[in-house]
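Trainee: According to the working numbering, the sequence shown is numbered sequentially starting from 25. Would you mind keeping the following structure in view while I ask a few things?
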Amino acid sequence: MTLDPEVLVLAPIGRDGKIASSILAASRISSCICSSLDEAMPLLDRAQCLVVAEEALISADRSLFAAWLENQPAWSDFPIVLLTMRGTEFDKRLAFLDRHLIVLERPFLASSFANSVRSALRARARQLEVKSYIEQKQEVTQRQNLLIRELHHRVKNTLANVRAMMGATAMSTDSVEEFVRNFSARIVSLAETHSILTDDYWQTASLNKLLEGELRHYETDDSPRIRLEGPNVALIADIAVPVGMALHELASNSAKFGALSRPEGQLAVCWSVGSSGAGQTLSLAWQERNGPPVQTPKRRGFGTALLEKVVPVQCDAKVELDYQQDGLRFTLVLPLRETRLVPSYS
25 MTLDPEVLVL APIGRDGKIA SSILAASRIS SCICSSLDEA MPLLDRAQCL
75 VVAEEALISA DRSLFAAWLE NQPAWSDFPI VLLTMRGTEF DKRLAFLDRH
125 LIVLERPFLA SSFANSVRSA LRARARQLEV KSYIEQKQEV TQRQNLLIRE
175 LHHRVKNTLA NVRAMMGATA MSTDSVEEFV RNFSARIVSL AETHSILTDD
225 YWQTASLNKL LEGELRHYET DDSPRIRLEG PNVALIADIA VPVGMALHEL
275 ASNSAKFGAL SRPEGQLAVC WSVGSSGAGQ TLSLAWQERN GPPVQTPKRR
325 GFGTALLEKV VPVQCDAKVE LDYQQDGLRF TLVLPLRETR LVPSYS
């Protein structure tokens, strides 16, 4: 007996069962001989066809079998090869088998029996193909529904980001021209982060790509002054967006007032990934050198609020801004786990 026979053979009287099984074996079709319908019932879900003698069904309680056939899914039409005696009329008590039935009269030729079973197995194979197609369609539908819900979530988050940036930029600028310039730059940075996420179907964004996108405009070919050092780190969308915005603010500030505002200025961004009790943790250090003397800003604008308030809340991170005399140092430590917080700027 095989664990998952292709064919169940239910012919408990005489040698029909053994003969049928031997014919199937010669055709390389696996089978399992059952002594009763009760024995066959638990195996039906794993089999692809049932060969059954008419008298085996007439003498048994057929109610469970009839219910099993009635409750088959829409794609299923379980094939049954019914062995009848030649010259006898079809027993009306077996009418519930009608749409599933291939009738073979005994005595039969081995070739006729093998061909009947092959025909039944081919029919079952086509049914299983339909089942697979239906399941694939269902998976596609489920994924589409998931993506639609995810899109709603991302759009709401993006609009919240844009609205917050607009309000904070307006409060930290003194003229319309300055507002347009700063707000446009922040929108472009946000769009670039979204482009990286979109390339990966909004799954993750590479930290290295985020840094390169913000800093490549300030690098010089003749004398490189920006050093990026760290492993490949993939940030989930809800972390990548605020981190990308933070990197933009740091780069923009450095280009205006810090190390990147002078040809001799240098910037090193180093990061590593470690383990903690709650999982993996990203540690990043932004260190500027050889720029103008650093002073603690008297006015706390959008960039400072983003770095000190938004990133810690949205990313569950620890941040530190150290206005060292020889160059700004920013450190960031955050858990690499999924968060879904809508940002709020104040």
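Just so it is clear, CB atoms sit at the ideal spot from N, CA and C, and this is done for glycine as well.
Work out the CA separation of Lys-342 and Gln-319 for me, nearest whole Å.
Mentor: Their backbone Cα atoms lie some 22 Å apart in a straight line.
Trainee: Just reading off the alpha helix (DSSP H) that Gly-303 is part of, what are its end residues?
Mentor: Segment 303-313 is the beta strand (DSSP E) holding Gly-303; no alpha helix (DSSP H) there.
Trainee: Looking only at DSSP bridge pairs, what is Asp-346 linked to?
Mentor: Partner(s): Arg-353.
Trainee: Compute the distance between the beta-carbons of Glu-312 and Leu-352, then report whether it is under 8 Å.
Mentor: Contact: yes.
Trainee: Whose C-alpha, out of Asn-95, Ala-64 and Pro-97, is nearest the C-alpha of Leu-81?
Mentor: Selected option, being the one with the closest Cα: Ala-64.
Trainee: If I follow the unbroken beta strand (DSSP E) through Ile-126, where does it start and stop?
Mentor: 125-130 is the extent of the beta strand (DSSP E) around Ile-126.
Trainee: Mapping DSSP to helix, strand and coil, what is Val-200?
Mentor: The answer is helix: DSSP assigns Val-200 an H, G or I state.
Trainee: Based on the DSSP output, what are the partners of Ile-57 in its beta bridges?
Mentor: In the DSSP output, where bridge partners are listed per residue, Ile-57 has Val-33.
Trainee: Could you spell out the range, first to last residue, of the alpha helix (DSSP H) harbouring Met-269?
Mentor: Note, Met-269: alpha helix (DSSP H), 261-281.
Trainee: Leaving aside the five residues before and after Arg-286 along the sequence, list all residues of the same chain whose C-beta is less than 6 Å from its C-beta, in chain order.
Mentor: Here the set comprises Gly-315.
Trainee: Go ahead and pull the three-state DSSP assignment for Glu-288.
Mentor: Coil, per DSSP.
Trainee: Kindly say whether Thr-197, judged by its beta-carbon, lies nearer than 8 Å to any beta-carbon of chain B.
Mentor: Any reference to chain B falls outside this structure, which holds one protein chain only.
Trainee: Select from Ser-276, Glu-201, Ser-296 and Arg-187 the residue whose C-alpha is nearest the C-alpha of Asn-232.
Mentor: Here the closest residue by C-alpha is Ser-296.
Trainee: Based on Cα-Cα distance, which residue from Leu-67, Asp-340, Glu-201 and Ala-134 lies nearest to Ile-263?
Mentor: Nearest of Leu-67, Asp-340, Glu-201 and Ala-134 to Ile-263, Cα basis: Asp-340.
Trainee: Would DSSP call Val-105 helix, strand or coil?
Mentor: Strand at Val-105.
Trainee: Below 8 Å, how does it come out for the region 239-252 and the region 195-212: are there three or more Cβ pairs, yes or no?
Mentor: No: fewer than three Cβ pairs fall under 8 Å.
Trainee: Taking C-beta to C-beta, are Leu-68 and Trp-92 nearer than 8 Å?
Mentor: Yes, these two residues count as a Cβ contact at 8 Å.
Trainee: Measuring alpha carbon to alpha carbon, tell me which of Leu-331, Ala-309, Ser-299 and Ala-329 ends up nearest Pro-359.
Mentor: Checking every option, the nearest Cα to that of Pro-359 belongs to Ser-299.
Trainee: In three-state terms, what does DSSP make of Gly-298?
Mentor: Looking at Gly-298 - three-state DSSP - the assignment turns out to be strand.
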